[in-house]
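Enquirer: Got a structure for you, written out below as structure tokens; questions coming shortly.
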Amino acid sequence: DRERSELAAVVGLFVNLIALRTRLDDDPTVAELVRRVGGVVREGLRHHTLPFEVVLGELGIERTLARPPLSPFAFAMEREVHRGIVLPGVALTALPLEVRTTRTDLALVVEERATTEGWRVRIEYDRSLYEASDVAALLQDFVLCAGGFVRDRVRRIGTLRSREPSPQPVVAGGTTGRILHQFSLAV
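Last residue of the sequence shown: 175 in my numbering, with the numbers rising by one and none dropped.
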């Protein structure tokens, strides 16, 4: 959090998880859902400086390596990292990292492209819980539903499914070392 003066001169990435929850049981329209989620995000961002560990403590949730706290699912919206950074006398280049673990059972990551129009969508998941074919189908469902969001703001979200709901994950015990597998799709 760069708003804190003691962190202003520190180099590095500071990320604080913000837990958000939205009700969908009333089957809102796309426009209603966008308004609702916008309000939830704005409210969550008002508290972005509150450390996630404090939130867990207030809720009485003990942190454990056996499972993610609060929710096994995550959504992230990211901006594409520029491939090259130039500083006076120094040229820096981002190197791809091979990520082999995941902090949640399943994460949907949407990346805004810096150099082209469009988005890059990927799913990071625990291979001991999900089959690759189910995750690929889930990614296709997301793309189809996102298209429905854009085309029809008065459509109910319950009608945006492109196939049967995704199967339940196979429960696996003792998944302390999580293996990450990614599917990517450009939209």
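Every residue, glycine too, gets a C-beta built ideally from N, C-alpha and C.
DSSP three-state label for Ile145, please.
Expert: The answer is helix: DSSP assigns Ile145 an H, G or I state.
Enquirer: Are the beta-carbon atoms belonging to Arg9 and Val28 less than 9 Å from one another?
Expert: Yes, the Cβ-Cβ distance between Arg9 and Val28 is below 9 Å.
Enquirer: Can you say whether Ala95 is buried or exposed, counting buried as having 16 or more other CB atoms within 10 angstroms of its CB?
Expert: So Ala95 counts as buried.
Enquirer: If you compare alpha carbons, which of Glu(-6), His36, Gly26 and Arg30 is closest to Val3?
Expert: Among Glu(-6), His36, Gly26 and Arg30, the Cα nearest to that of Val3 belongs to His36.
Enquirer: Below 8 Å on the Cβ atoms is my guess for Thr92 versus Ala62; work out the distance and round it to an integer in Å.
Expert: 4 Å between Cβ atoms; contact.
Enquirer: Here's the rule I'm using: 16 or more other beta-carbon atoms within 10 Å means buried, otherwise exposed. How should Pro56 be labelled?
Expert: Pro56 should be labelled buried.
Enquirer: If you run the structure through DSSP and keep just helix, strand and coil, what is Leu94?
Expert: Residue state, collapsed to three classes: strand.
Enquirer: Taking Ser59 as the reference, give the member of Glu68, Met65, Arg67 and Leu44 with the closest Cα.
Expert: Out of Glu68, Met65, Arg67 and Leu44, Leu44 has the C-alpha closest to the C-alpha of Ser59.
Enquirer: Any contact of the segment 11 to 25 with the segment 126 to 143, i.e. 3+ C-beta pairs under 8 Å?
Expert: At 8 Å Cβ cutoff, the stretches touch.
Enquirer: I need the straight-line Cα distance from Ile6 to Ala64, nearest angstrom please.
Expert: So the two alpha carbons sit approximately 11 Å from each other.
Enquirer: At what residues does the alpha helix (DSSP H) containing Leu47 begin and finish?
Expert: Here the alpha helix (DSSP H) through Leu47 covers Phe40 to Leu47.
Enquirer: Can you tell me the Cβ-Cβ gap for Ile145 and Pro16, rounded? I've got them flagged as a contact below 8 Å.
Expert: About 6 Å separates the two Cβ atoms, so the contact holds.
Enquirer: Checking the sheet assignment: what are the DSSP bridge partners for Ala62?
Expert: Answer is Ala95, bridged to Ala62.
Enquirer: Starting from Arg34 and walking both ways along the beta strand (DSSP E), at which residues does that stretch end?
Expert: Arg34 -> not in any beta strand (DSSP E); alpha helix (DSSP H) instead, spanning Val18 to Arg34.
Enquirer: Answer yes or no: do Glu86 and Val97 have a C-beta to C-beta separation smaller than 9 Å?
Expert: No.
Enquirer: When the cut-off is 9 Å and only beta carbons count, does Leu38 lie next to chain C?
Expert: You won't find chain C in this structure, because it holds only one protein chain.
Enquirer: Should Leu80 go down as buried or exposed, given a rule of 16 or more other Cβ atoms within 10 Å for buried?
Expert: By the neighbour-count rule (16 or more Cβ atoms within 10 Å), Leu80 is not buried but exposed.
Enquirer: Residues bridged to Glu100 by DSSP?
Expert: Paired residue(s): Arg67 and Trp107.
Enquirer: Name the residue from Val109, Arg141 and Gln128 whose alpha carbon lies nearest to the alpha carbon of Pro68.
Expert: For clarity, residue 68 is Glu in the given sequence; the question names Pro instead. The shortest Cα separation from Glu68 among Val109, Arg141 and Gln128 belongs to Val109.
Enquirer: Buried or exposed: where does Asp114 fall if 16 or more other Cβ atoms within 10 Å of its Cβ makes it buried?
Expert: Buried is the call here.
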